[in-house]
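Student: This is the structure I have questions about; it appears just below.
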Amino acid sequence: MKELGCSFKIATSAPLSKTSKTERENRFPFLPYLYTMSKKVRVRFAPSPTGGLHVGGMRTVLFNYLFAKQQGGDFVLRIEDTDQNRYVPGAEEYIMECLQWCNLLPDESPYNGGAYAPYRQSERKALYKQYAEQLVQGGQAYYAFDTPEELEEMRTRYRTADNPQPQYNHILREQMRNSLTLGDDEVNRLMGEEMPYVIRIKMPAGEQVQLTDMIRGEVHFSTSEVDDKVLLKADGMPTYHLAVVVDDYLMKITHAFRGEEWLPSSPVHILLWKYLGWEEAMPQWAHLPLILKPDGHGKLSKRDGDRLGFPVFAMDWKDPRTEELTRGFKERGFLPEAFVNMLAMLGWNDGTAQEIFTIEELVSRFSMERVHKGGAKFDYEKAKWFNHEWIKKLPVENWLPAVKKIYEEKGVMIADDNKFIRVLELIRERATLLSDFWEQGVFFFQAPASIDAASIQSKWTEGKTAFFNAFIALADQLPDWSAAPLEAAFKELAASQNIKAGEVLLPLRIMLVGGKFGPGVFDIAAIIGKEETAGRIRHALQLL
RNA sequence: GCCGCGUUGGUCAAUCGGCUAAGACGCAUCCCUUUCACGGAUGAAUGACGGGUUCGACUCCCGUACGCGGUACCA
31 MKELGCSFKI ATSAPLSKTS KTERENRFPF LPYLYTMSKK VRVRFAPSPT
81 GGLHVGGMRT VLFNYLFAKQ QGGDFVLRIE DTDQNRYVPG AEEYIMECLQ
131 WCNLLPDESP YNGGAYAPYR QSERKALYKQ YAEQLVQGGQ AYYAFDTPEE
181 LEEMRTRYRT ADNPQPQYNH ILREQMRNSL TLGDDEVNRL MGEEMPYVIR
231 IKMPAGEQVQ LTDMIRGEVH FSTSEVDDKV LLKADGMPTY HLAVVVDDYL
281 MKITHAFRGE EWLPSSPVHI LLWKYLGWEE AMPQWAHLPL ILKPDGHGKL
331 SKRDGDRLGF PVFAMDWKDP RTEELTRGFK ERGFLPEAFV NMLAMLGWND
381 GTAQEIFTIE ELVSRFSMER VHKGGAKFDY EKAKWFNHEW IKKLPVENWL
431 PAVKKIYEEK GVMIADDNKF IRVLELIRER ATLLSDFWEQ GVFFFQAPAS
481 IDAASIQSKW TEGKTAFFNA FIALADQLPD WSAAPLEAAF KELAASQNIK
531 AGEVLLPLRI MLVGGKFGPG VFDIAAIIGK EETAGRIRHA LQLL
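Here is the structure:
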């Protein structure tokens, strides 16, 4: 217990923002040591299963994972499904699939279990009430019987220009129907009648709550500004506020990372840790900056992706109610390595110019202290650049299956893996997304559906027709069907016929590929083979 | 409205009080390449504003402006 208190003192005593960076970096190398001396690091990702997992959520996963692995700790996945109205079937499995795709798997989860199971809050329902009751007994919470209509009535009644959103707070609770205003007899009567009620936290007036955030340093709140949040709902389920605190405590979470949108309600959580008598065990907080829309302002949302034409979810998400399909990074042709790398750079860097990081590098270099305070606008162009870099970096074998799948889904079966690898190696630097391998590579496996004849027709001559016929004949005699001798033969023939190579090179490309793109023509000819090359030339000659 | 958090090129960003302000994406021009890419070179483009503190401020402090978040029996 002693070293535990000690570690917290060191970690929280001096506000990070008030210390110099030198001081900070001198201090932090010791933290891993302290963590292991005091207790095992345990972090959690705690999503609500309400739909697709967007970039912001995935980044929270990543930062949790990196921190846990770096500190030799545990990464827990906890499903926060306390709102039955918002529960979406399939969303939970989908979250797991996203983590699996990125290879950021939790050590404990509803799927692989763990010492602190269950990991689904709906399955822990019975746990929470006792803590809420404990607070009522201690005078830090109270029963409230106000119906939704009464709450609405209160909000309209007290709404003014200066106070557009009246809160159920230390002032207004005096006007409401709760165990603070009603008296014991009335409360007992209502309880006896099974009148629905909630338990609200009794926020003190005029106290200061201080929070040490690993990213932001000291943050202060006045309790007068915070309303009496509902802790336990009328259906017996806890709200987020109660559930996070109870579960983080029960699951021995040491570091709680979440989006910045939670900062304003953190005083509620801190007070809860204190009121429940668990202050010593309170995790260290880090509120991650938001990921913003590329244009305009505000949090990045699914809608922005639809509007601007880029994915926002990690993987394809099909809403079971509307049947609406939202495309994900995976299906758009992203490599998980690139996606993870891109995510890491959204709000963090290691202080050097390095931008391409493997997961191992991220695990060793990551530090919460270097996470930015300000939000970052999402840039899809940059995201694609990361993917391009990873396509160039990773061995072909690594992503070959994914590309093969694209081909086979489009009806082109790959019989010869060696040929496929040769092709992929040849065109990889032309691909930004895995899906680009289709346009850049189909012509190796089937003749182009249409050829850009317009580009060569105007300058076409009888002499060129003769040249290509001669080339077919000549090529047929070639002992070595590979790029270099082919090129030599082609150029020699052109010279002998007084044709500039440049005048027939583009036509050859268009005959073989269909358009003005792709790798070297002779490399293409070498791969598709003698018969196919001759066939495509003859076919094109007929069209001309 | 109130509370909280932010603010370096179009975007992501480095900067530990010495700045002639890195690097990347994107953009432009050029080289390489008889295609398209890759690669290479070059260029345009940045400290919100006002006060302090200091020999010196992008950096520290205070205001202002702007942006974002929160203000639910949603998370």
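Per this note's numbering, the first sequence starts with residue 31, numbered consecutively.
We put the beta carbon where it would ideally sit given N, CA and C, even for glycine.
Every value quoted in this text rests on a predicted model; they were computed, and no experiment measured them.
(1) Taking only three categories from DSSP, how would you classify GLU224?
(2) Measuring CB to CB, does GLY236 end up less than 8 Å from SER252?
(3) According to DSSP, is THR495 part of a helix, a strand, or is it coil?
(4) How many Å lie between LEU430 and LEU134 at the Cα?
(5) How is the beta strand (DSSP E) around LEU212 delimited, first residue to last?
(6) Verify whether the separation of the beta carbon atoms of SER209 and TYR172 is less than 8 Å.
(7) So, at 6 Å on beta carbons, what are the nonlocal neighbours of PRO418 in its own chain, with the 5 sequence-adjacent residues on each side left out?
(8) Under three-state DSSP, which class holds GLY236?
(9) Could you give the distance in angstroms between the alpha-carbon of GLN476 and the alpha-carbon of GLY550?
(10) In its own chain, which residues sit with a C-beta less than 6 Å from the C-beta of HIS285, not counting the 5 before and 5 after it?
(11) By how many angstroms is the C-alpha of GLU291 removed from the C-alpha of ARG57?
(12) Per the DSSP calculation, PHE251 is bridged to which residue(s)?
(13) Answer yes if the stretch 130–144 comes into contact with the stretch 360–377, meaning at least three C-beta pairs across the two stretches below 8 Å, and no otherwise.
(14) Which class does GLU138 belong to by DSSP, given the choice of helix, strand or coil?
(15) To the nearest angstrom, how far is it from the Cα of ASN379 to the Cα of ASP506?
(16) To the nearest angstrom, how far is the alpha carbon of MET225 from that of ILE245?
(17) Counting only the same chain and skipping the five closest in sequence on each side, list residues whose C-beta sits under 8 Å from that of GLN470.
(18) Taking ARG400 as the reference, which of THR563, ASN218, PHE97, GLY168 has the closest Cα?
(19) In angstroms with no decimal places, state the Cα-to-Cα distance between GLN164 and ALA311.
(20) Have a look at the DSSP bridge pairing and note the partners of PRO268.
(21) Going by DSSP in three states, LEU92 sits in which element: helix, strand or coil?
(22) Taking DSSP as the reference, what is the three-state secondary structure of ASN208?
(23) Leaving out five residues on either side along the sequence, give the residues of the same chain with a beta carbon under 8 Å from the beta carbon of LEU14.
(24) Please report the distance separating the alpha-carbon of ASP482 from that of GLY545.
(25) If we call anything under 8 Å between Cβ atoms a contact, is TYR270 one with GLU153?
(26) Name the two residues that bound the continuous alpha helix (DSSP H) containing ILE471.
(27) With DSSP as the reference, identify every bridge partner of TRP378, one or two as the case may be.
(28) Short check: CB of PRO196 to CB of MET184, under 8 Å?
(29) Per DSSP, HIS317 forms a beta bridge with which residues?
(30) Can you name the start and end residues of the alpha helix (DSSP H) that PHE175 belongs to?
(31) ARG72 lies in the beta strand (DSSP E); which residues open and close that run?
(32) Buried or exposed: where does TRP490 fall if 16 or more other Cβ atoms within 10 Å of its Cβ makes it buried?
(33) For the ligand NAP, I want to know if GLU353 counts as a neighbour, meaning its beta carbon is within less than 7 Å of at least one of the ligand's heavy atoms.
(34) Does the separation of the CB atoms of THR80 and LEU318 fall below 8 Å?
(35) With distances taken between CB atoms, is the gap from LEU241 to VAL249 smaller than 8 Å?
(36) Within 10 angstroms of its Cβ, does PHE60 collect 16 or more other Cβ (buried), or is it exposed?
Tutor: Once the coordinates are examined:
(1) coil
(2) yes
(3) helix
(4) 21 Å
(5) Premise fails: LEU212 is in no beta strand (DSSP E) and is neither H nor E.
(6) yes
(7) The residue you asked about is not Pro; residue 418 is His in the sequence shown. Taken in chain order, the residues that qualify are THR462.
(8) coil
(9) 18 Å
(10) VAL73, PRO313, GLN314
(11) Model confidence at ARG57 stands at a pLDDT of 34, short of 50, so the residue's coordinates are unreliable and nothing is read from them.
(12) VAL239
(13) yes
(14) strand
(15) 57 Å
(16) 44 Å
(17) ILE457, ARG460, ALA461, PHE547, GLY548
(18) PHE97
(19) 18 Å
(20) LEU262
(21) helix
(22) strand
(23) The question about residue 14 has no answer here: the residues shown for the chain are numbered 31 through 574.
(24) 5 Å
(25) no
(26) Residue 471 is actually Gly in this sequence, not Ile. 466–471 is the extent of the alpha helix (DSSP H) around GLY471.
(27) VAL401
(28) yes
(29) ARG288
(30) Careful: PHE175 lies outside any alpha helix (DSSP H) and carries neither H nor E.
(31) 72–75
(32) exposed
(33) As for the ligand NAP, it is missing from this structure, which has no ligand bound.
(34) no
(35) yes
(36) Caution is warranted here: a pLDDT of 35 is assigned to PHE60, below 50, making its placement in the model unreliable, and the coordinate value is therefore given only provisionally. By the 10 Å Cβ count, PHE60 comes out exposed.
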